[in-house]
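See structure below.
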Amino acid sequence: MAVRSHAPEKAKVLRNARLATFAENAQGIGIVEGGAVGIVDGRIAFAGPQSEIPSELAVAEQVDCEGRWITPGLIDCHTHLVYAGNRANEFEMRLAGASYEEVARAGGGIVSSVKALRSASEEELITQALPRLSTLMAEGVTTVEMKSGYGLDLENERKTLRVARRLGEINPVSIRTTFLGAHAVPPEANRDKDAYIAKVADEMLPALAAEGLADAVDGFCENLAFSPQQIERVFNKASELGLPVKLHADQLSDLGGAALAARYGALSADHLEYTSEDGAKSMARAATVAVLLPGAYYFIRETQRPPVDLFRKHGVRIALATDCNPGTSPLTSLLLTMNMAATLFSMTVEECLAGVTREAARALGLLGETGTLETGKWADLAIWDIERPAELVYRMGFNPLHARIWRGQ
Ligand code: DI6
Ligand code: FE
1 MAVRSHAPEK
11 AKVLRNARLA
21 TFAENAQGIG
31 IVEGGAVGIV
41 DGRIAFAGPQ
51 SEIPSELAVA
61 EQVDCEGRWI
71 TPGLIDCHTH
81 LVYAGNRANE
91 FEMRLAGASY
101 EEVARAGGGI
111 VSSVKALRSA
121 SEEELITQAL
131 PRLSTLMAEG
141 VTTVEMKSGY
151 GLDLENERKT
161 LRVARRLGEI
171 NPVSIRTTFL
181 GAHAVPPEAN
191 RDKDAYIAKV
201 ADEMLPALAA
211 EGLADAVDGF
221 CENLAFSPQQ
231 IERVFNKASE
241 LGLPVKLHAD
251 QLSDLGGAAL
261 AARYGALSAD
271 HLEYTSEDGA
281 KSMARAATVA
291 VLLPGAYYFI
301 RETQRPPVDL
311 FRKHGVRIAL
321 ATDCNPGTSP
331 LTSLLLTMNM
341 AATLFSMTVE
351 ECLAGVTREA
361 ARALGLLGET
371 GTLETGKWAD
381 LAIWDIERPA
391 ELVYRMGFNP
401 LHARIWRGQ
């Protein structure tokens, strides 16, 4: 496995393309017919009509896109992609009638993934995570967020986050790491949630932050996980350390998770099936992005849909992600995620596409760097063999990617 090179590469222009720029000041998805993208040193030097290509780019290598569509590279802004083993056995249990909560209370669930992760080496974790990451990348994904949360002690949370960073070093993709120590109570804590949360906030988080392993901090706010007060304890420490927060909120019940996330200026609140109108309003005021995870909704056969209309009404931005994890969303396709958001949540094509590009970048605090086709951002692009962007949402189990470009290559 070669470590990627950072050498500047020469300029090129992708011509004869149709662009969906997703620029914020554009109409709709920002369509440019007869478009071109100029790339210099891995960044977008131009994105617009071919007739307006700046003269400096005339000497650059010219690539004919033969009328294909170019979108921003896709962004999966919520995954638990670093894990060991799988939970197909629990899937079978649930098919025989057990609920997710019952499986969890019977000692399965997250804790079984904790056992598997703890006994895996860094190399084994990399080997197991790679095919999942490659599957995402094969659909044009250029940025992936990865959470810890199956380690639940300092050593194993560190191991997870190091694996996530390493996956970004050996692959042409940007990785953002999130510390999710407040995911579940480890077996050795003997159900003492407060004592475990104290460890998360006072020992694990400061250590991992000092090692530069966490770009953000997450928690699971739910009756079967942690209370709003326990999450606040973790968020207070994250704020002290200057780390942004996000939250698994209102997935199975309304504990006011969305409002809690908003109070801390969270980048995103995720899941949100049970979020109230007040929760949506708080998110709008705090500019907290709603990250919807239709794969988990589908897989656990949830019937309460997230309040998409309330998010629209109050101007909450909506992103979509796979939630790739072994328990509730063994999903590694953002294309299928978009299809599910359209069919299950009645989201529009435009919302779905923005949800895996611009809004996903916003949910990671990366909108200044990626997520749209705009000058100055990284040249993170996906080139598609399609006639219209709606095809990306419409088809199931079909991948029309022609090429993927990460930082210009
Ligand atoms: N919500 C989820 O859907 C996943 N984690 C979380 O906080 C479930 C993770 C698992 O069951 O392994
Ligand atoms: Fe999740």
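Taken in order, the sequence shown gives residues 1 to 409; the numbers are from the working numbering. Idealized CB from N, CA, C, for every residue including glycine. Nothing here was measured: the structure is a model prediction, and the numbers come from that model.
Not one heavy atom of the ligand DI6 lies closer than 7 Å to the C-beta of Phe91. Non-local beta-carbon contacts of Glu273 in its own chain, meaning distances under 7 Å to residues more than five positions away in sequence, involve Asp250, Gln251, Tyr297, Glu302, Gln304, Arg305, Pro306 in chain order. Counting along the chain, the unbroken alpha helix (DSSP H) around Phe299 starts and ends at 294-299. Annotation: Thr135 to Val234 spans about 33 Å, alpha carbon to alpha carbon. Residues of the same chain with a CB within less than 8 Å of the CB of Glu24, apart from the 5 flanking positions on each side, are Arg358, Thr372 in chain order.
Judged by the Cβ position, His402 fails to qualify as a neighbour of the ligand FE at the 7 Å threshold, every heavy atom of the ligand being at least this far.
Of the residues Ala210, Ser333, Ala225, Glu277, the one whose Cα lies closest to the Cα of Gly397 is Ser333.
Lys313 sits exposed, since fewer than 16 C-beta atoms from the chains shown fall within 10 Å of its C-beta. For Ser174, the beta-bridge partners assigned by DSSP are Thr143. Contact annotation: the region 119-126 does not touch the region 53-63, with fewer than three C-beta pairs closer than 8 Å.
For Asp323, the Cβ falls inside the 7 Å cut-off from some heavy atom of the ligand FE. Here the alpha carbon of His183 sits roughly 18 Å from the alpha carbon of Leu292. In its chain, beyond the 5 residues on either side, Asp76, His78, Thr79, Leu136, Leu293, Gly295, Ser329, Leu331, Thr332, Ser333, Leu334, Thr337 have a beta carbon closer than 8 Å to the beta carbon of Thr322. Assignment of Gln27 by DSSP, reduced to helix, strand and coil, places it in the coil class. Around the CB of Lys237, 16 or more other CB atoms lie within 10 Å, so the residue is classed as buried. In terms of Cβ geometry, Gly168 and Leu117 do not form a close pair [threshold 8 Å]. By alpha-carbon distance to Arg105, the top candidate from Arg191, Asp270, Leu14 is Arg191. The beta-carbon distance between Lys377 and Glu369, rounded to whole angstroms, is 6 Å. This is short enough to meet the 8 Å contact definition. With respect to Leu208, Glu155 sits apart: the two C-beta atoms are not nearer than 8 Å.
In the structure shown, Ile39 adopts extended strand secondary structure according to DSSP, grouped into three states. For Ser239, the enclosing alpha helix (DSSP H) begins and ends at 228-240. Counting along the chain, the unbroken beta strand (DSSP E) around Ser268 starts and ends at 268-271.
Cβ atoms of Gly315 and Ala284 come within 8 Å of each other, at about 5 Å. As for any alpha helix (DSSP H) of minimum length 4 sitting wholly inside the region 304-380, the runs are 308-314, 334-345, 349-355, 358-363, ordered along the chain.
Not one heavy atom of the ligand DI6 lies closer than 7 Å to the C-beta of Gln304. In its chain, beyond the 5 residues on either side, Arg233, Val234, Asn236, Lys237 have a beta carbon closer than 8 Å to the beta carbon of Ala201. Taking C-alpha positions only, Gln62 is separated from Val289 by approximately 38 Å.
Counting only residues of its own chain and dropping the five nearest sequence neighbours on each side, Phe179 has a CB closer than 6 Å to the CB of Ser148, Leu208, Ala214, Val217.
The beta carbon of Phe22 sits closer than 8 Å to those of Ile29, Gly30, Thr71, Pro72, Leu353, Ala354, Thr357, Arg358, Gly371, Thr372, Leu373, all from its chain and outside the five residues before and after it, given in chain order. Remark: the C-beta of Phe235 is outside contact range of the ligand DI6, defined as less than 7 Å to any heavy atom.
Partner residues in a beta bridge of Trp406, as assigned by DSSP, do not exist. Phe91 carries a helical assignment under DSSP once its states are collapsed to helix, strand and coil. Per DSSP, the unbroken alpha helix (DSSP H) holding Pro206 starts and ends at 205-210.
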